[in-house]
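Novice:
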Amino acid sequence: MKFTIKVLLILLLKAIFCLGQETESNCIQNNVISLQSDILGQARNVKILLPEGYTQNQKYPVLYITDANYNFEVASFYLSQLAKSNVVPKSILVGVTQQNRYEELDPFWSEKGKQFKDFLFKELVPHISATYSTSGFNAIIGHSDGAEYNHLLMIQKDNPFRGFINMSENLNTDVTQEIANYFKTYNGKKVFCFVASATYDSPDRIAAGKAIQQVYSSNPNNKIAFQNKLYNADHQTIVAKSLLDGITYIFKDYRELTQYNGFKDYAANYKTNINNCYGFMPDANEDDIDYFFGKILDDKDVTMYEYIVAYATENNIFQISSYNRSWHYFYMGEHEKSVAQWNKTIDDMEDTSPKVFYYNFEKAIISYQKLNNPKGAITFLEASKKILPQYTLEFNYFIAKVALEHNIQKTKAKRNIKYCEQNYYDNKYFNKEDLIKLKSEL
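Residue numbers for the sequence shown, in mature numbering (1 follows the signal peptide of the UniProt record, and there is no 0): -20 to -1, 1 to 422.
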């Protein structure tokens, strides 16, 4: 029954995956190659999923998954959706099917198990690296015996993997001392190790996850990121419940912005850090800049605001309109710069929605008043009226209001109040009572 349910789940995920692609050609990127192995003495089918928009001009991390007969579809679905949302970078998925998994993924490290290790290390990974545009960051996903096999791979000197997702671990072969030595002495590029355990799994598997976690805790290493999570799952459902977290974890440094001391630190170091860790240069990302943008505005850091605007413009990430700059400067209390941007907005109204301008132009009047420049406010309102004559009623009301509050241009104020009386309609800014009150100030 478990096998039947699992097959149905795989078929469903496969259908969802294909339906989620924009074109049929995107689904065809999930294909099978036959690799002749001298080490295994046979041809071995290998499943390949290339990311959407794959090109030889970019470099991609590679995730390998054993037991691809069962787990490739769920991995491909999770990976493609995470990449589509830019939670993880676009990556290649390679599925290795087992013919005799108990020999190939042998946790007792028999000759067959070592032979399959040689196939992975000496044939499959080099073939993928030579055939596709890979970044040099390789990760491997394993379940059950495959999870235990993964940590045996990890401690090998010629191991090509720096990411390990081990679901339902065990320690049939007690290599805790070897793992401890690896954790203690490793000094290469950063390694990511994710262990998932299931509450309804056999007790020895839960204990193994805890034991490896304890080994790591006793041998901390800033070159190794380690996480052990317990899921409300059984031995089979642990794959579907934990794999999404596992993929996310091995890419935890991708778009991890909290480690940077402000935007300048990010701008100077982020791309280099990602290249050093995952082997590719990421594109500048609008969402990353938004992360810093809000804090800069809250801190009212005008210098950093202008730096980040210049950075976004020079790198063609996005253009910040004059209207948006006027609002940003207003929020930071930079009223002189705010009114300058409001006037630029009038000169280039094509980049701004008339309704957005209408619902917010009062901020410009406030800024002019903060600058003790009522004449500038009236000039701004007159210019606004020419550009957006559909809002003449509201602009005329504010012209009269500013003039009377500052005891200037009373003739213009009287004329504009008369216009408002003759052309009144319900609006956002004033009602008939407000108009009567304003007229009484003449």
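Just so you know, even glycine gets a beta-carbon here, dropped at the ideal spot from N, CA and C. Given the structure is predicted, the values throughout are model-derived calculations rather than measurements.
Within 8 Å, do at least three Cβ pairs link the stretch 62 to 77 to the stretch 139 to 158?
Specialist: In short, these stretches do not touch, since the Cβ pair count stays below three.
Novice: List the endpoints of the continuous alpha helix (DSSP H) containing Q22.
Specialist: Looking at the DSSP string, Q22 is not in any alpha helix (DSSP H); the run it does join, the beta strand (DSSP E), is Q22 to L29.
Novice: Taking the CB atoms as reference points, tell me whether D331 and S301 lie closer together than 8 Å.
Specialist: Yes, the Cβ-Cβ distance between D331 and S301 is below 8 Å.
Novice: Buried or exposed for D267, going by 16 or more other Cβ atoms inside 10 Å?
Specialist: It counts as exposed.
Novice: Provide the residue(s) that pair with T46 in DSSP beta bridges, ordered along the chain.
Specialist: In the DSSP output, where bridge partners are listed per residue, T46 has V76.
Novice: Which word fits P334, buried or exposed, when buried means at least 16 other C-beta atoms lie within 10 angstroms of its C-beta?
Specialist: Exposed.
Novice: Please tell me whether Y108 and E149 are closer than 8 Å, where the distance is taken between their beta carbons.
Specialist: In the sequence under discussion, the amino acid at residue 108 is Ile, which differs from the Tyr named in the question. Going by C-beta atoms, I108 is not nearer than 8 Å to E149.
Novice: Where does F341 land, buried or exposed, given buried means 16+ other C-beta within 10 angstroms?
Specialist: Buried: at least 16 other Cβ atoms inside 10 Å.
Novice: Give the secondary structure of H386 by DSSP, where H, G and I count as helix, E and B as strand, and everything else as coil.
Specialist: In this structure, H386 counts as coil in the three-state DSSP scheme.
Novice: Comparing alpha-carbon positions, which option in V175, Y285 and A220 lies nearest D194?
Specialist: Checking the displayed sequence, the identity of residue 194 turns out to be Gln instead of Asp. The residue with the shortest Cα to Cα distance from Q194 is V175.
Novice: Specify the secondary structure class of Q207 as computed by DSSP and reduced to three states.
Specialist: Q207: strand per DSSP, three-state reduction.
Novice: Just curious, the alpha helix (DSSP H) that H123 is in, first and last residue?
Specialist: Per DSSP, H123 belongs to no alpha helix (DSSP H); it is in the beta strand (DSSP E), T114 to H123.
Novice: Among A363, H308, V26 and V336, which has the Cα closest to the Cα of S347?
Specialist: Checking every option, the nearest Cα to that of S347 belongs to H308.
Novice: Going by other Cβ atoms of all chains shown within 10 Å of its Cβ, with 16 needed for buried, is K317 buried or exposed?
Specialist: K317 should be labelled buried.
Novice: Taking all protein chains shown into account, do 16 or more other C-beta atoms lie within 10 angstroms of the C-beta of D184, making it buried, or fewer, making it exposed?
Specialist: D184 should be labelled exposed.
Novice: Should R142 be listed as close to the ligand SAM, given that the test is whether its C-beta is under 7 Å from any heavy atom?
Specialist: The ligand SAM is not part of this structure, which contains no ligands at all.
Novice: In or out: I416 buried (at least 16 other Cβ within 10 Å) or exposed?
Specialist: It is exposed - the Cβ of I416 has fewer than 16 other Cβ atoms within 10 Å.
Novice: Are there 16 or more other CB atoms within 10 angstroms of the CB of M261, so buried, or fewer, so exposed?
Specialist: Exposed: under 16 other Cβ atoms inside 10 Å.
Novice: Can you tell me where the beta strand (DSSP E) holding F310 begins and where it ends?
Specialist: Where F310 is concerned, there is no enclosing beta strand (DSSP E), although the alpha helix (DSSP H) it sits in stretches over S302 to Y311.
Novice: Bridge partners for S177 per DSSP, in chain order?
Specialist: S177 is bridged to L210.
Novice: Alpha carbon to alpha carbon, how far is P41 from G259? Give it in angstroms, no decimals.
Specialist: Answer to the nearest angstrom: the Cα atoms are 7 Å apart.
Novice: What is the DSSP secondary structure of S60, counted as helix, strand or coil?
Specialist: If DSSP states are grouped into helix, strand and coil, S60 belongs with the helices.
Novice: Give me whichever residues DSSP pairs with S14 in a beta bridge.
Specialist: Paired residues: N25.
Novice: With 16 as the cutoff for other CB atoms within 10 Å, does N146 come out buried or exposed?
Specialist: N146 is buried by the Cβ-count criterion.
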